[in-house]
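Residue numbers (my numbering): 38 to 156. Here the structure comes first, spelled out in C-alpha cells, and everything after it is commentary.
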Amino acid sequence: MLIEKRNAITIGDTTATCFYQDEQFITGDHMIVIRADWLNKYTAMFILTFLKNEQFKYSYGRAYLMDRVKETIVKLPYKKSDDGSPLLDETHKYSDEGYIPDWDYMEKYIKSLPYGDRI
C-alpha cells in the first residue's frame, strides 16, 4: 500500500470505479492514479461523468488497465477564438487535431449546477 498525495482521480482497475481524491489517500496494486496540471475538484467532477459512462465496459472480466484508460476517447468542450473557430495547439498535447480543452468552461459549468458551489 502507498500513501498518495491529494488532487487525483483514481480508478479501480477490476471494478472501473472512479473517484476524485481531495485528500491524501491509500492505494494498492489495483488502482490507477491520474494526475494533471489542469485537475481540480471541479474539472475532476466534469471528467468523472465521462469516465463513469465507460464503466460498464470494464467490470471484472475486462480490467480498466492504464493502456485502456489512455485509449479512452473523451469528447470535451474546447477553447474557441473570438470568431468561434477552435484554438489549436501546434504541439497536439491533448488531441491529434490540436484542440485545447476549455478547462475554465468545465469548472464554471460544474460550479453553476445546483449545489455546485458546495463541492
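Backbone N, C-alpha and C define an ideal beta-carbon position, used for all residues, glycine too. Remember, predicted model here, so these are calculated numbers, not experimental data.
Query                                                                                                  : Result
Minimum Cβ-Cβ distance from residue 123 to chain D less than 8 Å                                       : Annotation note: the requested chain D is absent from the structure, which comprises a single protein chain.
According to DSSP, residues forming a beta bridge with residue 49                                      : 68
Contacting residues, own chain, Cβ-Cβ under 6 Å from residue 136 (five flanking each side not counted) : 115 and 123
Proximity of residue 59 and residue 43 at Cβ, strictly below 8 Å                                       : yes
Buried or exposed (CB count within 10 angstroms, at least 16 for buried), residue 156                  : exposed
Rounded separation between residue 126 and residue 139 - CA only                                       : 12 Å
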